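Student:
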């Protein structure tokens with residue numbers, strides 16, 4: 009069962025569904041995915057909701073409670089049926105091709 013909006017706001021991850029949080033002596037791991045929505049195909053600006061597959065990406069985030077934080081993001085790849093090309097869903101907290109959140113890059 010997903011955590012409440014309070015938890016999402018606490019971690020600053022709006023539009024993210026937090027599935028699980030593991031907090032041990034050394035680090036905090038947040039398992040998450042984005043809410044599914046229609047995305048715009050980048051080559052022709054056509055909207056699509058057709059999913060191709062999922063990929064998992066580990067992302068470093070700002071420390072919390074003095075511990076390093078890792079987000080394990082289950083990313084969707086969408087495809088555009090007319091040309092059979094795929095692309096990853098867009099999110100607001102992770103720049104393209106990065107493995108660190110925007111807020112960690114600003115530190």
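Numbering (our numbering), first residue to last: 9 to 115.
Just so it is clear, CB atoms sit at the ideal spot from N, CA and C, and this is done for glycine as well.
This one's a predicted model, so the numbers in the text were calculated from it and none came from an experiment.
1) Quick check on the DSSP output: the beta strand (DSSP E) that includes residue 111 runs from which residue to which?
2) Alpha carbon to alpha carbon, what distance is there between residue 110 and residue 15?
3) For residue 81, write down the residues that DSSP places opposite it in a beta bridge.
4) Residue 45 and residue 62 look like a contact to me (Cβ under 8 Å); what is the Cβ gap, rounded to whole Å?
5) Could you check where the beta strand (DSSP E) with residue 28 kicks off and where it finishes?
6) State yes or no: is the C-beta of residue 86 within less than 8 Å of the C-beta of residue 56?
7) Residue 34 and residue 66 - do their beta-carbons sit closer together than 8 Å?
Tutor: With the given structure in hand:
1) Counting along the chain, residue 111 falls outside any beta strand (DSSP E), though it belongs to the alpha helix (DSSP H) covering 110-113.
2) Interpretation of residue 15 is limited by its pLDDT of 49, a score under 50 that renders its predicted location unreliable; the figure taken from the coordinates is listed afterwards. It is roughly 19 Å from the alpha-carbon of residue 15 to the alpha-carbon of residue 110.
3) Answer is 40 and 65, bridged to residue 81.
4) About 15 Å separates the two Cβ atoms, so there is no contact after all.
5) Segment 24-31, the beta strand (DSSP E) holding residue 28.
6) Going by C-beta atoms, residue 86 is nearer than 8 Å to residue 56.
7) A distance of 8 Å or more separates the beta carbons of residue 66 and residue 34.
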